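Colleague:
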Amino acid sequence: MNKKEEILIVDDHEMMRKFLSTFLSRKYKVAMVGDGVEALEWLANNELPKLIIADLDMPRMNGYDFLNHLASTPAAKVPVLILSSASKSENRIKAYTLGAVDVLNKPFNPMELDMKIERISASMLN
Amino acid sequence: MTAQNKPLIFIGESVETVHLLRAAFANKLQIVQPHTIDEVKKAVRNNNIRTIVADCSDTALFIVSKMRRYLERNHVALILSGLENKSQAIENELKKVKGSSFYNIKNQAKMFVDSIKSNPVPRSKKLADSGHFVSSVKTPLDKRIFDIVVSGFALLLLSPLFLLVMLAIKIEDKGPAVYLSKRVGSGYRIFNLIKFRTMYTDADKRLDQLKGLNMYAAEQTEEIDLHHCPRCEAKGEPCSPQLVLDGNIVCEYQYKRYQEQQNGGVFMKFKNDPRITKVGKILRNTSIDELPQLINVFLGHMSLVGNRPLPLYEAEQLTADGYVERFLAPAGLTGLWQVLQRGKEVSMEERIEMDNEYARNYSLWYDLKIILKTFPALLQQENV
């Protein structure tokens, strides 16, 4: 991905959002919202990002519902990487079933996140 | 929903927007239409408004762009309504005001109304950074200048000492005079932390010998009984802090000892670690081995005051919701933790809280206070 390409971060934890944007904005353009409702609203009003990084446990609309809603919008083709503290394998499987391309548990190694993003964007080119 | 009892502030003249709002709120909504910046401010203040609606007329955009700092400070969200899709000019306006959004009321009427309905309840600080592009954390300019001046001066003054120390290290054990360790800094930027080498170049080999010694030591030690804590019993006090393990109450101190034993004592510290050189011992006791970090400070990898730059394996444990805040502050040579610890045992949680506290409050003034408290902490002789 080049610097122009954009990532949307969906996380209810303000400091986590700031941390992710700080870390990722060295390589990408980063936009942030606090829950699923805001994410859908953002996606309807902006150019589609290359990737969405979403938390699972959020108020108003959680990550699962967000994945569900997303599927019926024009943004359905945007890959979603789940980054969440819900570490149980059932949660991961549920997220995959709903269309997430990858899942990473918090706490995470930011280098691993970076690697996953690179891989997702590379696989999209094929 | 506040929409019913609070008036809605609408800046602009668009009849279409007013009609739409009247219809959506079944005429229950009082619409205030201020025409100047002062009128907007007055209306916001008097009604504790959290959302402002504006159309895309030149006047409205002018007022809104003049007020962007006011809106940001007061956490007021801006919703723009237009009759066409957003133009570049509007896009630029939106970028300026945090938490703002745009709707084309011809084809997004429902979303427009919904966003007004969901917004008037305080759009809290939480949203202040939403939907926006944020660049990485930067050290405030005054702090950076202070770092450069102080570290530059210190390096100049200390250069004769540095030369002597490097010579001494080389004379005792041939090899590099400095040791580079990968650390995580502000915004998870990884850099090489510079220290004077205090261990032998073949420290790993020495460690193996040491493990043998340590295992022998472990065999000699008594079996640790988790349900009895001789230390607390001798003191005649109930164990504190207590842990609940499989339904039994266990003293935390005793449990830690037990775990250390189970791990073969890997984490034990030795009074005379054979890996450390004689010169190294002096350097460590006087904290001189830490001084080359002034070079890191001068180069901007870290700051004089900040959160401890953690080794990679420790850092990646702290990228969870309650912990990440610490990485938003600069890494530093000294910090709140080093100053407040002073020999006391500080728990992991307390340390994380101190780091987060620093991340929330850091400023040059706060740093100066920490620096003044550092010197006694530095000179403390810790021969472990």
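First to last, the protein sequences are chains A and B.
With the numbering used here applied, the first sequence closes on residue 1601, and no number is skipped along the way.
With the numbering used here applied, the second sequence closes on residue 1548, and no number is skipped along the way.
Glycine residues also receive a C-beta, built at the ideal position from the N, C-alpha and C atoms.
It should be emphasised that the depicted structure is a prediction, and the values quoted were computed from it without experimental measurement.
1. Less than 9 Å between the beta carbons of B/Arg1186 and B/Ile1195, yes or no?
2. The beta strand (DSSP E) spanning A/Ser1559 covers which residue range?
3. Return no unless some Cβ of chain B is closer than 9 Å to the Cβ of A/Thr1497.
4. Which stretch, first to last residue, makes up the alpha helix (DSSP H) that contains B/Asn1210?
5. Which of the three DSSP states, helix, strand or coil, is assigned to B/Asn1135?
6. Three-state secondary structure (DSSP) at B/Val1461?
7. Any contact of the region 1433–1447 of chain B with the region 1320–1333 of chain B, i.e. 3+ C-beta pairs under 8 Å?
8. Does any C-beta atom of chain A lie closer than 9 Å to the C-beta of B/Phe1266?
9. Does any residue of chain A have a CB that is nearer than 9 Å to the CB of B/Gly1349?
10. Could you say which of B/Val1240, B/Tyr1530, B/Val1182 and B/Val1348 lies nearest to B/Glu1480 if we only look at CA atoms?
11. So B/Leu1463 and B/Ala1318 are supposed to be a Cβ contact under 8 Å. How far apart are they, rounded?
12. Are the CB atoms of A/Thr1548 and A/Ala1519 within a distance shorter than 9 Å?
13. Using alpha carbons as the reference points, say which of A/Arg1492, A/Glu1522 and A/Glu1489 lies closest to A/Glu1480.
14. Pairs of beta-carbons, one from the region 1579–1593 of chain A and one from the region 1196–1216 of chain B, closer than 8 Å: are there three or more?
15. Can you check which of these residues, B/Tyr1352, B/Leu1321, B/Met1512 and B/Asp1366, is closest to B/Pro1340 by C-alpha distance?
16. Mind pulling the alpha helix (DSSP H) runs of 4 or more residues that sit fully within the region 1215–1295 of chain B?
17. Just to confirm, is the Cβ distance from A/Lys1493 to B/Val1488 under 9 Å?
18. May I ask you to report which of helix, strand or coil DSSP gives B/Val1314?
19. B/Tyr1530 and B/Arg1490 - do their beta-carbons sit closer together than 9 Å?
20. Taking all protein chains shown into account, do 16 or more other C-beta atoms lie within 10 angstroms of the C-beta of B/Gly1499, making it buried, or fewer, making it exposed?
21. Going by the beta-carbon positions, is the gap between A/Val1555 and A/Leu1526 smaller than 9 Å?
22. If I'm right that B/Ser1221 touches B/Leu1242 with Cβ under 8 Å, what's the distance once you round it to whole angstroms?
23. Buried or exposed for B/Tyr1477, going by 16 or more other Cβ atoms inside 10 Å?
Modeller: Let me lay it out:
1. Your numbering for residue 1186 of chain B matches position 22 in the second sequence. Your numbering for residue 1195 of chain B matches position 31 in the second sequence. Yes, these two residues count as a Cβ contact at 9 Å.
2. Within the first sequence, residue 1559 of chain A is the residue found at index 84, counting from 1. If you look at A/Ser1559, you'll find it in the beta strand (DSSP E) that goes Val1555 to Ser1559.
3. Here residue 1497 of chain A corresponds to residue number 22 of the first sequence, with the count starting at 1. Interface with chain B (9 Å Cβ-Cβ cutoff): A/Thr1497 is included.
4. Counting from 1 along the second sequence, the entry for residue 1210 of chain B is found at position 46. Taken as a continuous stretch (DSSP letters only), the alpha helix (DSSP H) holding B/Asn1210 covers Ile1201 to Asn1211.
5. Only positions 1165 to 1548 of chain B appear in the structure, and residue 1135 of chain B is not among them; the question remains open.
6. In the second sequence, counting from the first residue as 1, residue 1461 of chain B sits at position 297. Looking at B/Val1461 - three-state DSSP - the assignment turns out to be helix.
7. yes
8. As a first step, residue 1266 of chain B is located in the second sequence; it is residue number 102 there, counting from the start. Chain A places a beta carbon closer than 9 Å to that of B/Phe1266, counting this residue as a contact.
9. Position 185 of the second sequence, counted from the first residue, corresponds to residue 1349 of chain B. Chain A, which has no Cβ nearer than 9 Å to the Cβ of B/Gly1349, makes this no.
10. Here residue 1480 of chain B is taken as the residue at index 316 of the second sequence, counted from 1. Taking only the C-alpha atoms, the option nearest B/Glu1480 is B/Val1348.
11. As a position in the second sequence, residue 1463 of chain B is number 299, starting the count at 1. As a position in the second sequence, residue 1318 of chain B is number 154, starting the count at 1. Not really, about 14 Å apart at Cβ, beyond 8 Å.
12. On the first sequence, residue 1519 of chain A is found 44 positions in, with the first residue counted as 1. On the first sequence, residue 1548 of chain A is found 73 positions in, with the first residue counted as 1. Cβ atoms of A/Ala1519 and A/Thr1548: closer than 9 Å.
13. Translated into the one-based positions of the first sequence, residue 1480 of chain A becomes position 5. Nearest C-alpha to A/Glu1480: A/Glu1522.
14. no
15. Counted from its first residue, the second sequence places residue 1340 of chain B at position 176. It is B/Asp1366 whose Cα lies nearest to the Cα of B/Pro1340.
16. Runs of the alpha helix (DSSP H) inside the region 1215–1295 of chain B: 1222–1230, 1232–1237, 1252–1260 and 1273–1282.
17. Residue 1493 of chain A sits at position 18 when you count from the first residue of the first sequence. Residue 1488 of chain B sits at position 324 when you count from the first residue of the second sequence. The answer is yes: Cβ separation under 9 Å.
18. Position 150 of the second sequence, counting from 1, holds the residue named residue 1314 of chain B. Of the three classes helix, strand and coil, the one that applies to B/Val1314 here is helix, per DSSP.
19. Walking along the second sequence from the start, residue 1490 of chain B turns up at place 326. Walking along the second sequence from the start, residue 1530 of chain B turns up at place 366. Not closer than 9 Å, so no.
20. By one-based count along the second sequence, residue 1499 of chain B stands at place 335. Classification of B/Gly1499: buried, given that the 10 Å Cβ count is 16 or more.
21. In the first sequence, the residue the question calls residue 1555 of chain A occupies position 80. In the first sequence, the residue the question calls residue 1526 of chain A occupies position 51. Yes, Cβ-Cβ distance for A/Val1555 and A/Leu1526 is below 9 Å.
22. Taking the second sequence and counting its residues from 1, the one referred to as residue 1221 of chain B is at position 57. Taking the second sequence and counting its residues from 1, the one referred to as residue 1242 of chain B is at position 78. Not a contact, Cβ separation roughly 14 Å.
23. Your numbering for residue 1477 of chain B matches position 313 in the second sequence. So B/Tyr1477 ends up on the exposed side.
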